[in-house]
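As they're listed, the protein sequences go chains A and B. Each residue of the first sequence is one higher than the one before, counting from 132 in this note's numbering. Each residue of the second sequence is one higher than the one before, counting from 1146 in this note's numbering. Each remark here refers to the structure printed beneath this line.
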Amino acid sequence: MTTLTFRDMENLSAYLDGQLSPVEKTRLEQRVQSDPALASALVELRQTHRLLALAPHRRAPRNFTLTPKMAGIRPPVPRLVPALSWASAVAMLLFIFTIGANLVGQFSFAASSPMMANAPSGLGGGPAAAATLAPAPSGFAPLAPVPATAAPATAAPAAPVNPVPGQNLQPTQSVSAYGAVAPDLATPEPTFAPSTRSTQPFQKTSPRQPSPWLFIWPALALLLGGLAILTLWLNKRAFHRRNSHS
Amino acid sequence: MDESTLILDAQHGDLNAFNTLVLAYQDALYNTALRILNDEDQAADATQEAFLSAFRALNSYRGGSFRAWLLRTVTNACYDELRRKKRRPTTPLEPETTDGEEIESPAWMADPHASPEETLDQAELEHAIQHCLENLPTDFRAVVVLADIQGLDYTEVAVAVRKPLGTVKSRLARARLRLRECLQGFGELLPAAFRLEEESSI
């Protein structure tokens, strides 16, 4: 009987697992036949090996399947979603543009109509009108280029419209007088144009026509906004469906 | 559907295909983790973590035994769990009897198809094996669990523990020697069918 080394035990272990070469295997089997200690060690190792293989096999306490959330998988998006996402961005831009266009439109309308802004004071013959029109009789020259056709137009409504008596009446009268003098100074044609002709430009600009784009832009914005909401809804529905499957 | 098709589908992101593989291998992974960690909750955590890591690293799988590849991930997860356990040691809550004594082999884990005697024998055997495995160094324990309990060959074990073949052979021999001594210590405590006895050689 010989003392077993770790090398012997390693070979016995490999022998049990069929990991020895044919030559090593034959040599070891011959030694085991002649060495009781080696034979005993082999038996014990084999029993240990068998015992471990008999270890009870437990069932998993639960399923370890992965959910899309655990795996970090996003639900598949409908095919329309990329296009609709762009639509929502465009809708936002249009919305901003529409608001901006409305504001700019209102501002420019007010700025480009000083006559409308001054109309009440001019027609009403208030103190402002009195102040500006007062020197008129003494200074005809600067006003000479004004077409004579304007004189009857402004003078005609001035007299009946102005209801204020007293000092406000005076400047208005002076304007009428100036209107009567004007043809002699500037126009070669002594005849007055009909009053309807002279009021045409004022009538054309006064009823401001709204641009059709003011209706088209909001409509487009509403449409695209609706598509964006549809996109969100489709996304949510796809996500819930995916989760409920897994 | 065969395994290679499922693996290919899973590599393309098919979670259902991967979950089919999970159901096929979850028992093997859980048992490996349980033998290495000797704690049911930690074993469940390590198993879940292993499947998650496996799914993320599925494209690194280059063929060979998929079972061995999965066992490698669970071995790594067990090592992580052991490191965590070392940093934050905890006391497991064992179920107690009416007398306040801990039940080491919970009755609800018993195999319902086994007879009471078989259940008792298996519980005693499991206790002995687990006790002896617990006394092994972690590296030895992983090798012997993979080779003797999960039945991997040396090459697969070497891949799983990322060690050379010679190291695996050496560690396995040492682990078996220690287990032999430990299990012999149980002697009469083990059921007769499982006792290490003298028998004729070869």
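Ideal Cβ placement from N, Cα and C applies to all residues, glycine included.
With C-beta atoms as the reference, is residue i less than 9 Å away from residue j?
i: residue 1283 of chain B; j: residue 1227 of chain B; result: yes
i: residue 1217 of chain B; j: residue 1320 of chain B; result: no
i: residue 355 of chain A; j: residue 233 of chain A; result: no
i: residue 1318 of chain B; j: residue 195 of chain A; result: no
i: residue 1205 of chain B; j: residue 1221 of chain B; result: no
i: residue 1166 of chain B; j: residue 1151 of chain B; result: yes
i: residue 1172 of chain B; j: residue 183 of chain A; result: no
i: residue 1196 of chain B; j: residue 1148 of chain B; result: no
i: residue 192 of chain A; j: residue 1271 of chain B; result: no
i: residue 1314 of chain B; j: residue 144 of chain A; result: yes
i: residue 1287 of chain B; j: residue 1327 of chain B; result: no
i: residue 99 of chain A; j: residue 147 of chain A; result: Here chain A has residues from 132 to 377 only, and residue 99 of chain A is not among them.
i: residue 1295 of chain B; j: residue 1177 of chain B; result: yes
i: residue 1310 of chain B; j: residue 1277 of chain B; result: no
i: residue 211 of chain A; j: residue 365 of chain A; result: yes
i: residue 1203 of chain B; j: residue 1169 of chain B; result: no
i: residue 1281 of chain B; j: residue 1219 of chain B; result: no
i: residue 134 of chain A; j: residue 168 of chain A; result: yes
i: residue 199 of chain A; j: residue 205 of chain A; result: yes
i: residue 1316 of chain B; j: residue 1289 of chain B; result: yes
What would DSSP say about residue i, mapped onto helix, strand or coil?
i: residue 1152 of chain B; result: helix
i: residue 190 of chain A; result: coil
i: residue 204 of chain A; result: coil
i: residue 371 of chain A; result: helix
i: residue 146 of chain A; result: helix
i: residue 140 of chain A; result: helix
i: residue 223 of chain A; result: helix
i: residue 349 of chain A; result: helix
i: residue 1157 of chain B; result: coil
i: residue 1218 of chain B; result: helix
i: residue 1252 of chain B; result: Because residue 1252 of chain B sits at a pLDDT of 46, beneath the cut-off of 50, its placement in the model cannot be relied upon, and the following sentence gives the value as read from the coordinates. It is helical.
i: residue 342 of chain A; result: coil
i: residue 134 of chain A; result: coil
i: residue 1196 of chain B; result: helix
i: residue 1162 of chain B; result: helix
i: residue 1281 of chain B; result: coil
i: residue 1202 of chain B; result: coil
i: residue 1147 of chain B; result: coil
i: residue 1207 of chain B; result: coil
i: residue 228 of chain A; result: helix
i: residue 1275 of chain B; result: helix
i: residue 1308 of chain B; result: coil
i: residue 171 of chain A; result: helix
i: residue 1295 of chain B; result: coil
i: residue 195 of chain A; result: coil
i: residue 152 of chain A; result: coil
i: residue 1183 of chain B; result: coil
i: residue 211 of chain A; result: coil
i: residue 185 of chain A; result: coil
i: residue 361 of chain A; result: helix
i: residue 1122 of chain B; result: Lying outside 1146 to 1347, the shown extent of chain B, residue 1122 of chain B is not represented and no answer is given.
i: residue 1190 of chain B; result: helix
With a threshold of 16 other CB atoms inside 10 Å of the CB of residue i, please say whether the residue is buried or exposed.
i: residue 187 of chain A; result: buried
i: residue 165 of chain A; result: exposed
i: residue 1194 of chain B; result: buried
i: residue 220 of chain A; result: exposed
i: residue 222 of chain A; result: buried
i: residue 190 of chain A; result: exposed
i: residue 1187 of chain B; result: buried
i: residue 1215 of chain B; result: buried
From the options, pick the residue whose C-alpha is nearest to that of residue i; which is it?
i: residue 141 of chain A; options: B/1327, B/1326, B/1329 and B/1322; result: B/1322
i: residue 343 of chain A; options: A/371, A/367, A/364 and A/236; result: A/236
i: residue 202 of chain A; options: B/1207, B/1219 and B/1201; result: B/1201
i: residue 155 of chain A; options: A/213, A/212 and A/138; result: A/138
i: residue 1329 of chain B; options: B/1230, B/1219, B/1182 and B/1274; result: B/1274
i: residue 1279 of chain B; options: B/1229, B/1219, B/1181 and B/1232; result: B/1181
i: residue 358 of chain A; options: A/216, A/200 and A/231; result: A/216
i: residue 150 of chain A; options: B/1297, B/1231, B/1290 and B/1307; result: B/1297
i: residue 1230 of chain B; options: B/1307, B/1183, B/1207 and B/1213; result: B/1183
i: residue 1331 of chain B; options: B/1269, B/1312, B/1146 and B/1308; result: B/1269
i: residue 1208 of chain B; options: B/1308, B/1157 and B/1153; result: B/1153
i: residue 353 of chain A; options: A/368, A/136, A/197 and A/218; result: A/218
Sufficient close CB pairs (3 or more, under 8 Å) joining the stretch 173-187 of chain A to the stretch 1150-1169 of chain B: Verdict: no, contact absent.
* Asked: Any chance the stretch 217-235 of chain A sits against the stretch 344-362 of chain A, with 3 or more Cβ pairs inside 8 Å?
  -> Touching, yes, given that three or more Cβ pairs across the two stretches are closer than 8 Å.
- Task: Spell out a yes or no on whether the stretch 1295-1305 of chain B and the stretch 151-163 of chain A are touching, meaning 3 or more CB-CB pairs, one atom from each, closer than 8 Å.
- Result: No, they do not touch.
Against chain D: residues of the stretch 187-211 of chain A by CB proximity under 9 Å: Structure shown: chain D not included; protein chains present are A and B.
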